[in-house]
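Read the structure below first, then the notes.
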């Protein structure tokens, strides 16, 4: 029994260490972002918001923030639309064909980002459309759509479609039945899908690294480029803002669909 | 009646099935066609002054990968070893943590789940940047260990192979945790109580009750970790030194620095094929053991 208790203690220590490992980046990044010194160091010496002020005075970072938001919004719109339509359509296809559609829909998520980035860079430069924001939206949607599609398929599987059939029997058009009977009941899944797409786009950077240019860099790409030179306090600040944005989104998903279910479905 | 119903079914259902068309069209235009183009370039002849020789057919790109005068074979070897090490550590850590999530109740469980989700949704750049701050010789980790007297001098954990592994773990571990947890959460917790009532100790109950049930999730975690590590780029580049060169880094160098598109494309195709091979092998193994491949 003593050995048992020692094993339990070791187990607690081990998972506490993993928890610390997982959350250390967030703690360190937030702490260094409010540091008063110009060298990035942890723990910070003195508190200050000077780097936040510096960020909002920097054209480079402000443009990156704008690009990130535009790309994330475009990705959310595109991939949620494709995911919802695809999931609805797959319900009406049976057996083997549905497996093929589902497989193709999920496939891009399994291809390494550097390979996708290179493939798209070569392709778009052949078309003469380099460094445009919509090409980044297309790239991000390749990863976001498999996720929105999977979330929406799970959502539609749980929905009781007899409700919609009743609406159709009562004379509603298909579009109206979807809007008034189906949509309100799948809102949680829809919101989760859209937020996941937004977050995937907000943090993706390997593909963007290849596809973006001077005017179209997103926040993670500008952060990466700064990091390759030296540790920059502004990276701490933007990282903190990215983390804050994502925590808000995760909290919203948690409220919308329940944290435990989100963890199991992800 | 049935003829009417069937006609109605066709008329009503055809448009519904057509809803997958935009998705398929998008995947065709943004994925299949660019990838086909990459495949075509990988089979073009290499030219010193140009990106590639348009319209030619050649296996020069693939032969270049095997050429002993460059280091690409050892790059592939390193990539494979790197992916194996990361996968083993990731599955181990993920199983341990997912088990803790599954066994915990109430607030502790919520905190552990939130920890995994926050890490998963923290941008990769942020995690890698922070990993430098935490694990560098003057970083928080070494300061704490040296300060407490556990170590006499700081461990070197960045700008080398351990650094690259730590960085890659930050990318794959959160997803692995959720893959294992999604399987464990369907297991009846009273099973473990029963094992303990029958006299099994904690470690034994874990080994003989939890692990067998977690295997499908561990396999998914392994596949995620392995495929993403074979294609790794950012973590080894930022947290490794020049000798931690993965295939992803080599693809990027060939394309952007050496301007050798056929060789870059050939290497990218090889990386993708090895990822697909692992996926297919796992799929077959899962199919044979009769378990589904889980949430993803």
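Residue numbers (my numbering), protein chains in the order written: chain A, 1 to 266; chain B, 267 to 562.
The beta carbon of each residue, even a glycine, is placed where N, CA and C say it ideally should be.
What you are looking at is a predicted structure, and each value in this text was computed from that prediction instead of being measured.
Handout entry: Inter-residue spacing [alpha-carbon to alpha-carbon] between residue 15 of chain A and residue 56 of chain A
Key = Residue mapping note: residue 15 of chain A aligns to position 15 of the first chain, counting from 1. Residue mapping note: residue 56 of chain A aligns to position 56 of the first chain, counting from 1. Those two C-alpha atoms are separated by around 39 Å.
Exercise for the section: Tell me where the alpha helix (DSSP H) around residue 165 of chain A begins and ends. Expected result: Indexing the first chain from 1 puts residue 165 of chain A at position 165. Residue 165 of chain A -> alpha helix (DSSP H) spans 162 to 169.
Problem - Residue-chain proximity (residue 288 of chain B, chain A), Cβ-Cβ < 8 Å - result: Mapped onto the second chain, residue 288 of chain B falls at position 22. Closer than 8 Å to some Cβ of chain A, the Cβ of residue 288 of chain B qualifies, so yes.
Problem - Partner residues on chain A for residue 538 of chain B, Cβ-Cβ distance less than 8 Å - result: Looking up residue 538 of chain B in the second chain gives position 272. The answer, in chain order, is 111, 112 and 115.
Handout entry: residue 35 of chain A (DSSP reduced to helix, strand or coil)
Key = What you label residue 35 of chain A is simply residue 35 of the first chain in a count that begins at 1. In this structure, residue 35 of chain A counts as strand in the three-state DSSP scheme.
Practice task
Decide if the stretch 120 to 134 of chain A is in contact with the stretch 208 to 221 of chain A; the criterion is three or more beta carbon pairs, one per stretch, under 8 Å apart.
Solution key: yes
Practice task
Use the C-beta contact count for residue 408 of chain B: other C-beta atoms within 10 angstroms, 16 or more gives buried, fewer gives exposed.
Solution key: Taking the second chain and counting its residues from 1, the one referred to as residue 408 of chain B is at position 142. By the 10 Å Cβ count, residue 408 of chain B comes out buried.
Practice task
Could you pull the start and end residues of the alpha helix (DSSP H) that residue 93 of chain A belongs to?
Solution key: Reading the first chain from its first residue, position 93 is the one you call residue 93 of chain A. That residue, residue 93 of chain A, is in no alpha helix (DSSP H); it is neither H nor E in DSSP.
Practice task
Drop a sphere of 10 angstroms on the beta-carbon of residue 293 of chain B, count the other beta-carbons inside from all chains shown, and report buried for 16 or more, exposed for fewer.
Solution key: Walking along the second chain from the start, residue 293 of chain B turns up at place 27. Buried.
Problem - Strand pairing of residue 192 of chain A, partner residues [DSSP] - result: For the purposes of this step, residue 192 of chain A is taken as the residue at position 192 of the first chain. In the DSSP output, where bridge partners are listed per residue, residue 192 of chain A has none listed.
Problem - Sequence-distant residues of the same chain with beta carbon closer than 6 Å to residue 402 of chain B, five excluded per side - result: For this step, residue 402 of chain B is matched to residue 136 along the second chain. 424, listed in sequence order.
Practice task
Determine, using beta carbons only, whether residue 541 of chain B comes closer than 8 Å to chain A.
Solution key: Sequence index remark: in the second chain, residue 541 of chain B carries index 275 (1-based). With 8 Å as the cut-off, residue 541 of chain B counts as an interface residue toward chain A.
Handout entry: Exposure of residue 497 of chain B, with buried meaning 16 or more beta-carbon neighbours within 10 Å
Key = For the purposes of this step, residue 497 of chain B is identified with residue 231 of the second chain, where counting begins at 1. That one is buried.
Handout entry: Spatial distance of residue 252 of chain A from residue 350 of chain B (CA atoms)
Key = In the first chain, counting from the first residue as 1, residue 252 of chain A sits at position 252. In the second chain, counting from the first residue as 1, residue 350 of chain B sits at position 84. Going by the C-alpha atoms only, they are around 36 Å apart.
Handout entry: residue 103 of chain A burial status per 10 Å Cβ neighbour count (16 or more: buried)
Key = Residue 103 of chain A sits at position 103 when you count from the first residue of the first chain. With fewer than 16 other Cβ atoms within 10 Å, it is exposed.
Practice task
Quickly, what does DSSP pair residue 319 of chain B with across the bridge? List them, please.
Solution key: As a first step, residue 319 of chain B must be located in the second chain, where it is residue number 53. Answer is B:311, bridged to residue 319 of chain B.
Exercise for the section: Please check if any C-beta of chain B sits within less than 8 Å of the C-beta of residue 278 of chain A. Expected result: Within the shown structure, residues of chain A are numbered from 1 to 266, placing residue 278 of chain A beyond reach of any answer.
Practice task
With 8 Å as the threshold, decide whether the Cβ of residue 381 of chain B is near any Cβ in chain A.
Solution key: Taking the first residue of the second chain as position 1, residue 381 of chain B is located at position 115. Cβ-Cβ to chain A under 8 Å: yes for residue 381 of chain B.
Handout entry: For residue 47 of chain A, the three-state DSSP class (helix, strand or coil)
Key = In the first chain, residue 47 of chain A corresponds to position 47, counting from 1. In the structure shown, residue 47 of chain A sits in a strand (DSSP, three-state: E or B).
Exercise for the section: Put residue 455 of chain B into one of helix, strand or coil per three-state DSSP. Expected result: Indexing the second chain from 1 puts residue 455 of chain B at position 189. The answer is coil: DSSP assigns residue 455 of chain B none of H, G, I, E or B.
Problem - Start and end residues, alpha helix (DSSP H) containing residue 441 of chain B - result: On the second chain, residue 441 of chain B is found 175 positions in, with the first residue counted as 1. From DSSP, the alpha helix (DSSP H) with residue 441 of chain B extends over 427 to 450.
Handout entry: Under 8 Å between C-beta atoms of residue 61 of chain A and residue 222 of chain A
Key = Residue 61 of chain A sits at position 61 when you count from the first residue of the first chain. Residue 222 of chain A sits at position 222 when you count from the first residue of the first chain. Yes.
Practice task
Quick one: using the 10 Å Cβ neighbour count with 16 as the cut-off for buried, is residue 381 of chain B buried or exposed?
Solution key: Stepping through the second chain from its first residue, residue 381 of chain B is reached at position 115. Residue 381 of chain B should be labelled buried.
Practice task
Compute the Euclidean distance between the alpha carbons of residue 523 of chain B and residue 491 of chain B, then round it to the nearest angstrom.
Solution key: In the second chain, counting from the first residue as 1, residue 523 of chain B sits at position 257. In the second chain, counting from the first residue as 1, residue 491 of chain B sits at position 225. So the alpha carbons of these two residues sit roughly 29 Å apart.
Handout entry: Members of the stretch 44 to 73 of chain A near chain B, C-beta cut-off 7 Å
Key = none
Handout entry: Where the alpha helix (DSSP H) containing residue 126 of chain A begins and where it ends
Key = The residue you call residue 126 of chain A lines up with position 126 of the first chain. Taken as a continuous stretch (DSSP letters only), the alpha helix (DSSP H) holding residue 126 of chain A covers 113 to 126.
Exercise for the section: Inspect the beta-carbon positions of residue 394 of chain B and residue 505 of chain B and report whether they are closer than 8 Å. Expected result: The residue labelled residue 394 of chain B in the question sits at position 128 within the second chain. The residue labelled residue 505 of chain B in the question sits at position 239 within the second chain. The answer is yes: Cβ separation under 8 Å.
Handout entry: Beta carbon of residue 124 of chain A nearer than 8 Å to that of residue 303 of chain B
Key = As a position in the first chain, residue 124 of chain A is number 124, starting the count at 1. As a position in the second chain, residue 303 of chain B is number 37, starting the count at 1. Not closer than 8 Å, so no.
Handout entry: Status (buried if at least 16 other CB within 10 Å, exposed otherwise) for residue 273 of chain B
Key = Taking the first residue of the second chain as 1, we reach residue 273 of chain B at position 7. Note that residue 273 of chain B has pLDDT 47, beneath the 50 cutoff, so the model's placement of it is unreliable and the number below is only indicative. With fewer than 16 Cβ atoms within 10 Å of its Cβ, residue 273 of chain B is classed as exposed.
Exercise for the section: Pick out whichever of A:5, A:115 and A:99 has its Cα sitting closest to the Cα of residue 208 of chain A. Expected result: Locating residue 208 of chain A in the first chain gives position 208, counting from the first residue. When each option's Cα is compared against that of residue 208 of chain A, the closest is A:115.
Problem - Cutoff 8 Å: residue 378 of chain B Cβ touching any chain A Cβ - result: Mapped onto the second chain, residue 378 of chain B falls at position 112. It does: the Cβ of residue 378 of chain B has a partner Cβ on chain A nearer than 8 Å.
Practice task
Please determine, among B:420, B:387, B:414 and B:384, the residue with the shortest C-alpha to C-alpha distance to residue 400 of chain B.
Solution key: The count along the second chain starts at 1 and reaches residue 400 of chain B at position 134. When only C-alpha atoms are compared, the closest one is B:420.
Practice task
Determine the burial state of residue 12 of chain A: buried for a count of at least 16 other Cβ atoms within 10 Å of its Cβ, exposed for fewer.
Solution key: Indexing the first chain from 1 puts residue 12 of chain A at position 12. Residue 12 of chain A should be labelled exposed.
Handout entry: Cβ contact check for the stretch 538 to 557 of chain B and the stretch 481 to 490 of chain B: 3 or more pairs under 8 Å
Key = yes
Exercise for the section: Return no unless some Cβ of chain B is closer than 8 Å to the Cβ of residue 4 of chain A. Expected result: The count along the first chain starts at 1 and reaches residue 4 of chain A at position 4. It does; some Cβ of chain B falls within 8 Å.
Exercise for the section: State yes or no: is the C-beta of residue 250 of chain A within less than 8 Å of the C-beta of residue 140 of chain A? Expected result: Here residue 250 of chain A refers to the residue found at position 250 when the first chain is read from its first residue. Here residue 140 of chain A refers to the residue found at position 140 when the first chain is read from its first residue. No, Cβ-Cβ distance for residue 250 of chain A and residue 140 of chain A is not below 8 Å.
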